[in-house]
Amino acid sequence: MGAVFKSTKKYTGFKWFSVFAVYKIVSISLIVFSFTYYGNHGLGDESRIPLGHGEAMEESDQFAYFVPKGKSEQIHVDTYFKRR
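Under this note's numbering, read the sequence shown as residues 282 to 365, first letter to last.
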């Protein structure tokens, strides 16, 4: 396998190190972004959209809800289903 990389570099001038360095920089940047305020969208199956001042719209399965600060009740948001 190493001979293939060396021969590719010898004939094309292509450097695999630069490709891996770019992938590493991009992946680290995305991980850092995911933990910022704007990247705080939830992990896993539940999504979260930050609204500001610590408030957020959250979604689990097909139901969107909003939990105000200091309240224990959820406010259900009818955005996915139409009532007839």
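Quick reminder that beta carbons are idealized off the backbone N, C-alpha and C, glycines included.
Values in this document were obtained by computation on a predicted structure and should not be read as measured data.
Sub-9 Å separation of residue i and residue j beta-carbons
i, j, result
"residue 346", "residue 331", "no"
Distance between residue j and residue i (C-alpha atoms, nearest Å)
i, j, result
"residue 317", "residue 327", "17 Å"
"residue 338", "residue 297", "43 Å"
"residue 342", "residue 300", "38 Å"
"residue 329", "residue 315", "12 Å"
"residue 312", "residue 344", "27 Å"
"residue 308", "residue 302", "10 Å"
For residue i, the nearest candidate out of the options (CA to CA)
i, options, result
"residue 335", "349, 341, 343, 344", "349"
Nonlocal neighbours in the same chain, by C-beta distance under 6 Å from residue i, ignoring five residues either side
i, result
"residue 305", "none"
Beta-carbon proximity list for residue i, same chain, < 7 Å, skipping 5 on both sides
i, result
"residue 340", "327, 328"
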